[in-house]
Amino acid sequence: DARERYHQKLTGKEISRSENRVYLRKDGSKIHVSIDDVLEHDKNGVVTGIRTTMVDITARKLAEDELVEQKELSIKLLQSSTAPTFVLDADHRVIIWNKACEELTGIKEPAVINTSVHWKAFYEYERPCLADIVIDGRIDNFSNLYAIYEKSMILPGGLHGEGWFKNIGGRERYLVFDAAPVYNSKGELIAAIQTLRDITEHKRAEEELGQSFKKLRITLEETVNALASTAEKRDSYTAGHQHRVTQLACAIAREMGLPEDKIEGLRVAATLHDIGKIYVPAEILNKPGKLIDLEMGLIKIHPKIGYDILKMIPFSWPVAQIVLQHHERFDGSGYPLGLAGEDILLEARIVGVADVVEAIAFHRPYRPNLGMEKALEEISKNREILYDPVVADACLRLFARNEFTFE
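In this note's numbering, the protein residues as written are 2 to 408.
Pasting the structure below:
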């Protein structure tokens, strides 16, 4: 063989050769060899021989074969995945469009493979898919393309988007998209992979639940208002009192930075804080003169009666407890339990301050209104004594900045 190659080179039939061959070792294992032939010349340019270089490339060949196997395995895994998935190369051409993607979109692989028309599976007009945005690296128009969108918290360079799509496989669907870049060993972007999830049924159920919850909230609000109205009809002098207390209590809570859900519970409790007065004789509630001890004792049981009325209603907030505690005072001098400081629910401390301000500022059966100045003077004088200083200060700030007025 060597003699034949030498003759070919001498006759000019072959100038050089480079090839890979596989040989067997004595133990039967394979060895991959790279063979390179180069002609040797004397100083006159006459061919004098041939130099053959043989290099063992077994390790490199095995590594290359392993990479090929890994690539083939990755492609097979993507193709057989139950998650709808497609892959674009760096030029936005589809290189993988798996079976699950076919089933979801109704578009077969041959219609999109090696093309850039994948957008037709999702949109009525040409616009980038999430994988296209990943490849281009531009997210300036990202917010206009998806109802919900964000950068991936897990994959560097990845994106997340979701929303309703009018015609996916012949029906309206809510799809969740996730896309991420694929880099080679040099760090160069070579592709982008995009997965899809159809959560239409979940989204519809979520929306129906939201509607049911909204109706429930309306029913609850109507019930709360009906209960509050029942109490106020028995006490003409305090008509509107619960509404005004609710206004101020919610304003104080927002000034303090309480979350909206907590404020909603406070609103319900403030609206119902005097519901227990329906068990107090109307003659006592509307008595124009000073109450005797027995009558005052009956008045003081209204927080407990309100608690008993409300405790069996499954509110999402501690409404009954707030109603029970709204006459407790920061120094423990209140009623009916004599609680002090933070043993009193924060919401009850807020309702307590709002209740005092409204009671002093507006007309009562036993006296004319004393005005807002007197009401705020009471809160300022007794902050940290009768009233939580944080709540009192929030209330005083609202009026000092003229940010609150009773409707």
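Virtual Cβ for every residue (Gly too), placed ideally from N, Cα, C.
Keep in mind the model is a prediction, meaning the values are calculated, not measured.
Original post:
Exposed or buried, N145, counting other C-beta atoms within 10 Å across all chains shown (16 or more means buried)?
Top reply: If you number the sequence shown from 1, residue 145 lands on position 144. Result: exposed.
Original post:
Of all the beta strand (DSSP E) runs that stay within the bounds of the segment 174 to 252, which reach a length of 3 or more residues?
Top reply: 190 to 199
Subject >> K278 classed as buried or exposed, judged by whether at least 16 other C-beta atoms fall within 10 angstroms >> reply: Working through the sequence shown from its first residue, we reach residue 278 at position 277. Label assigned to K278: buried.
Subject >> Within 8 Å, strictly: CB atoms of A227 and I276 >> reply: Along the sequence shown, one-based indexing puts residue 227 at 226. Along the sequence shown, one-based indexing puts residue 276 at 275. Going by C-beta atoms, A227 is not nearer than 8 Å to I276.
**OP:** To the nearest angstrom, report how far apart P423 and E207 are at their CA atoms.
**Re:** Look at the range of the chain in this structure, 2 to 408, and you will see that residue 423 is not part of it.
**OP:** Identify which residue in E202, L210 and A181 has its Cα closest to the Cα of T196.
**Re:** Here residue 196 refers to the residue found at position 195 when the sequence shown is read from its first residue. The shortest C-alpha separation from T196 is found at A181.
Subject >> Alpha-carbon spacing of M297 relative to M257, whole angstroms >> reply: As a position in the sequence shown, residue 297 is number 296, starting the count at 1. As a position in the sequence shown, residue 257 is number 256, starting the count at 1. Each residue's alpha carbon lies about 33 Å from the other.
Original post:
Would A60 be called buried (16 or more neighbouring beta carbons within 10 Å of its own) or exposed?
Top reply: Here residue 60 corresponds to residue number 59 of the sequence shown, with the count starting at 1. Here A60 is exposed: its Cβ has fewer than 16 other Cβ atoms, across all protein chains shown, within 10 Å.
**OP:** Under the assumption that R174 contacts D199 (Cβ atoms under 8 Å), give the Cβ distance between them as a whole number of angstroms.
**Re:** As a first step, residue 174 is located in the sequence shown; it is residue number 173 there, counting from the start. As a first step, residue 199 is located in the sequence shown; it is residue number 198 there, counting from the start. Contact flag correct, Cβ pair sits at about 5 Å.
Original post:
To which residues of the same chain is F316 closer than 6 Å at the C-beta, ignoring the five residues directly before and after it?
Top reply: Along the sequence shown, read from residue 1 onward, the residue named residue 316 stands at position 315. No residues qualify anywhere along the chain.
**OP:** Drop a sphere of 10 angstroms on the beta-carbon of E379, count the other beta-carbons inside from all chains shown, and report buried for 16 or more, exposed for fewer.
**Re:** As a first step, residue 379 is located in the sequence shown; it is residue number 378 there, counting from the start. E379 comes out buried.
Original post:
Any idea what DSSP makes of I36, helix, strand or coil?
Top reply: For this step, residue 36 is matched to residue 35 along the sequence shown. Under the three-state reduction of DSSP output, I36 falls in the strand class.
**OP:** State the CB to CB distance for the pair I51 and D38, rounded to an integer number of angstroms; the pair is presumed to be in contact (CB under 8 Å).
**Re:** The count along the sequence shown starts at 1 and reaches residue 51 at position 50. The count along the sequence shown starts at 1 and reaches residue 38 at position 37. Contact holds; Cβ gap of about 6 Å.
Subject >> the segment 216 to 223 contacting the segment 100 to 120, beta-carbon criterion three pairs below 8 Å >> reply: no
Subject >> Own chain partners of V246 with C-beta closer than 6 Å, once the 5 adjacent residues on each side are dropped >> reply: Within the sequence shown, the letter at position 245 stands for residue 246. Cβ neighbours of V246 beyond the five flanking positions: A271, A355, D356 and E359.
**OP:** Quickly, what does DSSP pair S19 with across the bridge? List them, please.
**Re:** Your numbering for residue 19 matches position 18 in the sequence shown. According to DSSP, which records beta bridges pairwise, S19 is partnered with D37.
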